[in-house]
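Take a look at the structure set out below.
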Amino acid sequence: MEGEERMSTYRVKVTIRCNRCGEKFVLRGRKERGQIDTGFKQCLCSNTDDFEFEEQAL
Ligand SMILES: [Zn+2]
152 MEGEERMSTY RVKVTIRCNR CGEKFVLRGR KERGQIDTGF KQCLCSNTDD FEFEEQAL
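If you want it as structure tokens, here you go:
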């Protein structure tokens with residue numbers, strides 16, 4: 152089951168760009184079943200849901 156676990160969860164580096172103010176954040180997180188989890192909650196401008204995610208290989 153080791154291989155299966157590696158396929159469903161892996162570490163990623165994510166660039167998050169705010170679509171409201173244009174601020175960029177570079178975070179490390181993990182991707183699980185297609186969902187990226189970085190712990191990122193909101194931008195400096197209080198935006199919580201309007202972002203562009205760009206995933207990069209770590
Ligand atoms: Zn913002």
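Numbering of the sequence shown is given in the numbering used here, commencing with residue 152 and proceeding in unit increments. Built from N, CA and C at the ideal position, the CB exists for glycine as well. Note that the structure is a prediction, hence the values are computed from the model and not measured.
Residues whose Cβ lies closer than 5 Å to any heavy atom of ligand 1, listed in chain order: 169, 171, 172, 174, 194, 196 and 198.
Here residue 165 is buried: its Cβ has 16 or more other Cβ atoms, across all protein chains shown, within 10 Å. A direct Cα-Cα distance of roughly 23 Å separates residue 208 from residue 193.
Beyond the five residues adjoining it in sequence on each side, residue 162 comes within less than 6 Å, by CB distance, of 181 and 209 in the same chain, given in chain order. Measuring C-alpha to C-alpha distances from residue 189 to each of 174, 196, 205 and 171 identifies 205 as the nearest.
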